[in-house]
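>
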Amino acid sequence: MSIKLQKEDKAPNFELEANDGNVYSLNSFSDKILILYFYPKDNTSGCTTEAIEFTAKKNEFENLNAEIVGVSPDSVKSHCNFINKHNLGILLLSDPDKKVAEAYGAFGEKKMYGKVTKGIIRSTFVIKNGIVINAYYNVKAKGHAEKVLNDLKGFK
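For the sequence shown, this note's numbering gives the first residue as 1, with consecutive numbering after it.
1. Short check: CB of Lys-57 to CB of Ala-145, under 8 Å?
2. Any idea which residues DSSP pairs Leu-36 with across the strands?
3. Reducing DSSP to helix, strand and coil, say where Met-1 ends up.
4. Can you find a heavy atom of the ligand SAM that lies under 7 Å from the Cβ of Lys-4?
5. Whole angstroms is fine: what's the gap from Gly-119's alpha carbon to Glu-60's?
6. Assess contact between the region 146-153 and the region 9-21, defined as three or more Cβ pairs (one per stretch) separated by less than 8 Å. Is contact present?
7. Please confirm if the region 120-136 is in contact with the region 25-37, defined as three or more CB-CB distances below 8 Å between the two stretches.
8. Which of the three DSSP states, helix, strand or coil, is assigned to Thr-117?
9. Identify every residue that forms a DSSP beta bridge with Ser-25.
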């Protein structure tokens, strides 16, 4: 059974390479509210929907001092292609060994088409000052960005 982060838990630190060629850690976002979302794979239907919806809401998140960052096991090159193909405006981090996903409880057993498999569990974490202020597990891609935004407005 993998861990599940909850409100007020300390967010696990990470160091991952992004599509812009830089390496980011949890501290890279210490002056902002971090919307850290884990998704299974670039250019798949649900992941594309989620990334496009987060991109569409980017300015609203920025107005609340929040930065959206996506994480998947895909390579930096794959992230760059994904961003270019769908005109995405969010930062994407590469977690090829899934260690960060595991630390956040976003990797483990899940049901797909009635079968139990191991993989990325679509999850989102809202982090402020290194502390989880909201955690969403097993989210549905469509409409999720709006839900996170509305919850964040309520938090502010």
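Positions of the beta carbon are idealized from the N, C-alpha and C atoms, including for glycine.
Considering the structure as presented:
1. For the purposes of this step, residue 57 is taken as the residue at position 57 of the sequence shown. For the purposes of this step, residue 145 is taken as the residue at position 145 of the sequence shown. Yes, these two residues count as a Cβ contact at 8 Å.
2. By 1-based counting over the sequence shown, the position of residue 36 is 36. Answer by DSSP bridge pairing, in chain order: Val-69 and Phe-125.
3. Here residue 1 refers to the residue found at position 1 when the sequence shown is read from its first residue. Note that Met-1 scores a pLDDT of 43, beneath 50, so its modelled location is shaky; the value from the coordinates is reported in the next line. Reduced to three states, the DSSP call for Met-1 is coil.
4. Looking at this structure, you won't find the ligand SAM or any other ligand, since it has none at all.
5. Mapped onto the sequence shown, residue 119 falls at position 119. Mapped onto the sequence shown, residue 60 falls at position 60. The alpha-carbon atoms of Gly-119 and Glu-60 are separated by roughly 31 Å.
6. no
7. yes
8. To locate residue 117, count along the sequence shown from 1; it is residue 117. Strand, per DSSP.
9. If you number the sequence shown from 1, residue 25 lands on position 25. BP columns for Ser-25 point to Glu-15.
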